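There are 2 protein chains.
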Amino acid sequence: MQDVSEPHPGLNGGNLQRESLQQQVFDNLRSAIMSGVFRPGEVLSSRGLAQQLGVSAMPVREALTRLTTEGVLQNTPSRTLRLRVLSPSDFDEITAIRFEIEGMAAERACGAMTTADLAEIRALNDALTAAASSGDADHYLKANADYHAAIYRVSGWPLLVGMIERLWLMVGPSIRMSVPDRAHMATSQEFHDQIMTALDARDGKTVRAAIVDDISTAARDIRASLAPEAAHPQMKEE
Amino acid sequence: MQDVSEPHPGLNGGNLQRESLQQQVFDNLRSAIMSGVFRPGEVLSSRGLAQQLGVSAMPVREALTRLTTEGVLQNTPSRTLRLRVLSPSDFDEITAIRFEIEGMAAERACGAMTTADLAEIRALNDALTAAASSGDADHYLKANADYHAAIYRVSGWPLLVGMIERLWLMVGPSIRMSVPDRAHMATSQEFHDQIMTALDARDGKTVRAAIVDDISTAARDIRASLAPEAAHPQMKEE
DNA sequence: ATCGTTGATCTGAGATCGCAGATTGCAGTT
DNA sequence: AACTGCAATCTGCGATCTCAGATCAACGAT
């Protein structure tokens, strides 16, 4: 440990970017899953992905292990790894948790929000509106995720944001299966406008309520598209 | 996929228990961390632990990777892995999240609780009382964890329980550093009795409030024992 | 005595090899 | 035609080897 005393201003230390390969693979897979590249129930094999990504099997393997720990992947009886298939009750549980912790994050963010934060979020809301009017589902979902993430980040609670991200990761594949239509985007936009107004007024309780409403209405569409609870447990995909 | 139709009654299929080595190591380390075997900031090396556990470095390495993903371990600048050191603000964040989701779990558990569940929890509360009067801190902390976990499990929401477990895992080492004294155990017991009474009355809101009070008072002691926020970032443990 | 250098040794990370279990598909038999 | 059995192939998991970076201790020059 050296006597560093004070970092020299204008000299940015270790921004030379040294990122482990497994971390890159992990982030890569994470964003792919989040944006619905893979379908629920799809089998992910370390060797197969390694070949696709042009890396050895080792980093992929550890990335898959990490995703399994996060509950995004599941071990099958035959020991292969597949994307978790959310049952309706799984989805209900996740949605209920999202009410609680996303509402919490939004309410706290409201209290901590600077005018700069607010301007950034307003810009993201505008981008979201534009994406909605374009009708491109992928673009819309991305903008929606960015918008929500920006709000939660203002809470200043990284652990909470991480927990929210993991929940989004779990519902990601299912969200992508039920592509939002324009009607959905329109109703959602109402809530987003409510959120902006409440943020302007620094009204935390209302922000929280609007967030919960937003999640709730979106969840209704997604839930309807889920495969019904398996009475006879059977599998047949991919 | 065979035509299994109906499982033969009296023949329990695959309960032959085959658990991967890395899973065993992971569970092992997890419970060790939870019970405070390691101190905050302590360095965990894959080779070192592998030797202690009598296994190869490989499964330990993946277990450590998983713990890093869970935020229990941290990568140091020198790329070694160390147990996360909670700053007071980290701890405040975790405590606030615990209010929300443990309160949520307890409230929902109250609504879903059967008489059998209630009897089990009462037994664990009695065991906790006994542990408190014995004065053995390790025993007490274990009984306390079992008691809370049993309540949350009744909520029937495994994801939520998993999230709570992860939070406990993060505060585990810090909890163990501030050994609870008999005065703390006594005040905590008051809240546990409140919880039992409210559970009896199926009064979810009161259960939630009592859980929050329990967490809050315990957190006050723990927080006081944390190393103050590092103004000059320096490390010197181990 | 102090500073700088160097070499031994620790670390995580990646690659590669091998193993056991599971699945699949192609025979070969009845 | 239907079932059985075997071999090829896929899977995850573990062990081992290697490498680059970091730490630390001993050493040597000033």
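Chains as they are written, first to last, in the numbering used here: chain U, 227 to 464; chain P, 227 to 464. Backbone N, C-alpha and C fix where the C-beta goes; we use that ideal spot for every residue, glycine too. A quick note: this is a predicted structure, and the numbers were derived from the prediction, not measured.
Helix, strand or coil at L452 (chain P) according to DSSP, with G and I counted as helix: The residue you call residue 452 (chain P) lines up with position 226 of the second sequence. Correct three-state label for L452 (chain P): coil.
G269 (chain U) to L309 (chain U) span [Cα, whole Å]: Along the first sequence, one-based indexing puts residue 269 (chain U) at 43. Along the first sequence, one-based indexing puts residue 309 (chain U) at 83. Correcting the residue type first, residue 269 (chain U) is Val in the shown sequence and not Gly. When rounded, the distance between both Cα atoms is 6 Å.
Integer-rounded CB distance, given that D440 (chain U) should sit under 8 Å from F417 (chain U): One-based indexing of the first sequence puts residue 417 (chain U) at position 191. One-based indexing of the first sequence puts residue 440 (chain U) at position 214. About 4 Å separates the two Cβ atoms, so the contact holds.
Closest residue to E296 (chain P) among U:R265, U:L386, U:H410 (Cα-Cα distance): Within the second sequence, the letter at position 70 stands for residue 296 (chain P). That would be U:L386, whose Cα lies nearest to the Cα of E296 (chain P).
Distance between beta carbons of A335 (chain U) and L354 (chain U), contact taken as under 8 Å: Translated into positions along the first sequence, residue 354 (chain U) becomes position 128. Translated into positions along the first sequence, residue 335 (chain U) becomes position 109. 17 Å between Cβ atoms; not a contact.
Contact with chain U by G297 (chain P), beta-carbon distance below 8 Å: Walking along the second sequence from the start, residue 297 (chain P) turns up at place 71. Cβ-Cβ to chain U under 8 Å: yes for G297 (chain P).
7 Å Cβ shell around S246 (chain U) - same chain, five flanking residues per side excluded: Stepping through the first sequence from its first residue, residue 246 (chain U) is reached at position 20. Once the five neighbours on either side are set aside, S246 (chain U) has no close Cβ partner at all.
Sheet register partners of Q300 (chain P) (DSSP bridge): What you label residue 300 (chain P) is simply residue 74 of the second sequence in a count that begins at 1. Partner(s): P:R308.
Neighbour-count burial assignment, R305 (chain P), 16 or more Cβ in a 10 Å radius: Residue numbering aside, residue 305 (chain P) sits at position 79 when the second sequence is read from its first letter. Per the 10 Å Cβ criterion, exposed.
Interface positions of the region 367–387 of chain U facing chain P (Cβ-Cβ less than 7 Å), listed along the chain: W383, L385, L386
Under the three-state DSSP convention, the category V269 (chain P) falls into: By 1-based counting over the second sequence, the position of residue 269 (chain P) is 43. Reduced to three states, the DSSP call for V269 (chain P) is strand.
Short CB-CB distance (under 8 Å) between M330 (chain U) and chain P: Numbered from 1 along the first sequence, position 104 holds the residue referred to as residue 330 (chain U). Yes, M330 (chain U) counts as interfacial toward chain P.
Inter-stretch contact (C-beta, 8 Å, three-pair minimum) for the region 342–349 of chain U and the region 315–323 of chain U: no
Within chain P, the residues that T302 (chain U) reaches when beta carbons sit closer than 9 Å: For the purposes of this step, residue 302 (chain U) is taken as the residue at position 76 of the first sequence. Going along chain P, no residue has its Cβ under 9 Å from T302 (chain U), so there is no contact; the nearest lies around 12 Å.
S360 (chain P): first and last residue of the uninterrupted alpha helix (DSSP H) it sits in: Within the second sequence, the letter at position 134 stands for residue 360 (chain P). Residues 341–360.
Whole-number beta carbon distance between I437 (chain U) and A332 (chain U), since they are thought to touch under 8 Å: On the first sequence, residue 332 (chain U) is found 106 positions in, with the first residue counted as 1. On the first sequence, residue 437 (chain U) is found 211 positions in, with the first residue counted as 1. Correct: roughly 4 Å between the Cβ atoms.
Test: D447 (chain U) CB closer than 8 Å to a CB of chain P: As a first step, residue 447 (chain U) is located in the first sequence; it is residue number 221 there, counting from the start. Taking Cβ atoms only, chain P never reaches closer than 8 Å to D447 (chain U), which makes this a no.
Integer-rounded CB distance, given that R402 (chain U) should sit under 8 Å from S261 (chain U): For this step, residue 261 (chain U) is matched to residue 35 along the first sequence. For this step, residue 402 (chain U) is matched to residue 176 along the first sequence. The C-beta separation of S261 (chain U) from R402 (chain U) comes to about 7 Å, placing the pair in contact by the 8 Å criterion.
Selected residue, minimal CA-CA separation from V263 (chain U), among U:V405, U:G329, U:I327: Within the first sequence, residue 263 (chain U) is the residue found at index 37, counting from 1. With distances taken between CA atoms, V263 (chain U) lies nearest to U:V405 out of U:V405, U:G329, U:I327.
C-beta contact flag for N351 (chain P) and M411 (chain P) at 8 Å: The sequence position of residue 351 (chain P) within the second sequence is 125, counting from 1. The sequence position of residue 411 (chain P) within the second sequence is 185, counting from 1. No, they are not a contact pair.
Beta-carbon proximity of E288 (chain U) to T294 (chain P), cut-off 8 Å: Reading the first sequence from its first residue, position 62 is the one you call residue 288 (chain U). Reading the second sequence from its first residue, position 68 is the one you call residue 294 (chain P). For E288 (chain U) and T294 (chain P), no; Cβs fall outside 8 Å.
Reduced DSSP secondary structure (H/G/I, E/B, other) of V438 (chain U): Walking along the first sequence from the start, residue 438 (chain U) turns up at place 212. Here V438 (chain U) sits in helix by DSSP.
Three-way DSSP call (helix, strand, coil) for P406 (chain U) in this model: Residue mapping note: residue 406 (chain U) aligns to position 180 of the first sequence, counting from 1. In the structure shown, P406 (chain U) sits in coil (DSSP, three-state: anything other than H, G, I, E or B).
Bounding residues of the alpha helix (DSSP H) (the contiguous stretch that carries S315 (chain P)): As a first step, residue 315 (chain P) is located in the second sequence; it is residue number 89 there, counting from the start. It spans 314–338 - the alpha helix (DSSP H) in which S315 (chain P) sits, taken as one unbroken run.
Within-8 Å CB hit, I323 (chain P) to chain U: Position 97 of the second sequence, counted from the start, is the residue given in the question as residue 323 (chain P). It does: the Cβ of I323 (chain P) has a partner Cβ on chain U nearer than 8 Å.
Own chain partners of I377 (chain U) with C-beta closer than 7 Å, once the 5 adjacent residues on each side are dropped: By 1-based counting over the first sequence, the position of residue 377 (chain U) is 151. Its chain contains A332, A335, I347 as the residues whose beta carbon lies nearer than 7 Å to that of I377 (chain U), once the 5 sequence neighbours on both sides are disregarded; these appear in chain order.
Where P303 (chain U) falls, given that 16 or more other Cβ within 10 Å makes a residue buried: Indexing the first sequence from 1 puts residue 303 (chain U) at position 77. Classification for P303 (chain U): exposed.
Cβ-based burial, S451 (chain P) [other Cβ within 10 Å; buried from 16]: Along the second sequence, read from residue 1 onward, the residue named residue 451 (chain P) stands at position 225. So S451 (chain P) counts as exposed.
C-beta neighbour in chain P for L237 (chain U), strict 8 Å: One-based indexing of the first sequence puts residue 237 (chain U) at position 11. Low local confidence applies: a pLDDT of 42 at L237 (chain U) is under 50, so the model's placement there is unreliable, with the coordinate-based value given in what follows. Answer no: the Cβ-Cβ gap between L237 (chain U) and chain P never drops below 8 Å.
With 16 other Cβ atoms within 10 Å as the buried cut-off, status of G280 (chain U): The residue labelled residue 280 (chain U) in the question sits at position 54 within the first sequence. When all chains shown are included, G280 (chain U) counts as exposed.
Check whether S400 (chain U) and F317 (chain U) have beta carbons under 8 Å apart: By 1-based counting over the first sequence, the position of residue 400 (chain U) is 174. By 1-based counting over the first sequence, the position of residue 317 (chain U) is 91. Cβ atoms of S400 (chain U) and F317 (chain U): closer than 8 Å.
Buried or exposed by the 16-neighbour rule on C-beta atoms within 10 Å, applied to G398 (chain P): Taking the first residue of the second sequence as 1, we reach residue 398 (chain P) at position 172. When all chains shown are included, G398 (chain P) counts as buried.
Alpha carbon of A444 (chain U) to alpha carbon of Y366 (chain U), nearest angstrom: Within the first sequence, the letter at position 218 stands for residue 444 (chain U). Within the first sequence, the letter at position 140 stands for residue 366 (chain U). The straight-line gap from Cα to Cα measures roughly 13 Å.
Whole-angstrom distance between I327 (chain U) and Q415 (chain P), CA atom to CA atom: Within the second sequence, residue 415 (chain P) is the residue found at index 189, counting from 1. Within the first sequence, residue 327 (chain U) is the residue found at index 101, counting from 1. Q415 (chain P) and I327 (chain U): Cα-Cα distance of roughly 28 Å.
DSSP-derived helix/strand/coil call for E245 (chain P): Indexing the second sequence from 1 puts residue 245 (chain P) at position 19. E245 (chain P) falls in the coil class under three-state DSSP.
Residue of P:G430, P:G361, P:Q249, P:A427 minimising C-alpha distance to M284 (chain P): Numbered from 1 along the second sequence, position 58 holds the residue referred to as residue 284 (chain P). Minimum Cα distance to M284 (chain P) is reached at P:Q249.
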